[in-house]
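J.:
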Amino acid sequence: MRYLMLVLSTPEDPELRPEDAEGAPPIEDWVEKYYGSGAAVLGDRLRPPGDAVGVRVRGGRTLVTDGPFSETKEAIGGFDVIDAPDLDTAITIASEHPMAHGGAIELRPFWPLDLEQPDQAATGGGA
Numbered sequence: 001m002r003y004l005m006l007v008l009s010t011p012e013d014p015e016l017r018p019e020d021a022e023g024a025p026p027i028e029d030w031v032e033k034y035y036g037s038g039a040a041v042l043g044d045r046l047r048p049p050g051d052a053v054g055v056r057v058r059g060g061r062t063l064v065t066d067g068p069f070s071e072t073k074e075a076i077g078g079f080d081v082i083d084a085p086d087l088d089t090a091i092t093i094a095s096e097h098p099m100a101h102g103g104a105i106e107l108r109p110f111w112p113l114d115l116e117q118p119d120q121a122a123t124g125g126g127a
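Just so we're aligned, residue 1 is where the sequence shown starts under the UniProt record's numbering, counting upward by one.
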């Protein structure tokens, strides 16, 4: 199963202690281990929230809003797509990421759209 791993900075986390971040493994080691094994398949850093743009369509009009969007200081700093056989493995991979020590990781399982299912009417499978 694939998971989106959101890499978050959490500067106002009351539980964050300096020694947590100091004990983080180097990002190069995490990348080598998980991208090298194929468990991580795509990832990158993201520009700061101030560079974000929101897009919504309301009443047939496209509305564009400059970031940042939330009142919180927590921000998505990057992402990785990982391929893991189960949630426990995904949690292990996430827990070894350096930002799990100095920030936070959010795991979101993919929810496939299943767009390739045949049309029942075309195959005679209608009600």
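Built from N, CA and C at the ideal position, the CB exists for glycine as well.
Measuring straight from C-alpha to C-alpha, what distance separates proline 98 and arginine 58?
T.: Computed Cα separation, rounded: 40 Å.
J.: Residues bridged to proline 109 by DSSP?
T.: DSSP output for proline 109 lists Tyr3 as bridge partner(s).
J.: Could you spell out the range, first to last residue, of the alpha helix (DSSP H) harbouring alanine 83?
T.: The amino acid occupying residue 83 in the given sequence is aspartate; alanine does not appear at that position. Here aspartate 83 belongs to no alpha helix (DSSP H); instead the beta strand (DSSP E) covers 75-83.
J.: Can you tell me where the alpha helix (DSSP H) holding alanine 52 begins and where it ends?
T.: First-last for alanine 52: undefined, no H or E at that position.
J.: Below 7 Å CB to CB, which residues in the same chain sit around aspartate 114 once its five sequence neighbours on both sides are set aside?
T.: Closer than 7 Å at the Cβ level, and outside the excluded window around aspartate 114, lies no residue.
J.: How would you call tryptophan 30, buried or exposed, if buried means at least 16 neighbouring beta carbons within 10 angstroms?
T.: That one is buried.
J.: Around the Cβ of glycine 126, are there at least 16 other Cβ atoms within 10 angstroms (buried) or fewer (exposed)?
T.: In this predicted model, glycine 126 has a pLDDT of only 49, less than 50, meaning its place in the structure is not dependable; the value taken from the coordinates is given anyway. Counting Cβ neighbours within 10 Å, glycine 126 comes out exposed, since fewer than 16 surround it.
J.: Between the region 40-56 and the region 9-29, are three or more C-beta pairs nearer than 8 Å?
T.: No, they do not touch.
J.: Determine the direct distance from the alpha carbon of glutamate 116 to that of glutamate 96, and round the result to whole angstroms.
T.: Taking the straight line joining both Cα atoms gives about 35 Å.
J.: Identify every residue that forms a DSSP beta bridge with alanine 104.
T.: The partner list for alanine 104 (beta bridge, DSSP) reads Leu8.
J.: Whose C-beta lies closer than 7 Å to the C-beta of alanine 90 among residues of the same chain, with five residues either side of it excluded?
T.: Around alanine 90: Tyr3, Ile82, Ala84, Leu107.
J.: For alanine 21, does the three-state DSSP call read helix, strand or coil?
T.: DSSP places alanine 21 in helix when its eight states are reduced to three.
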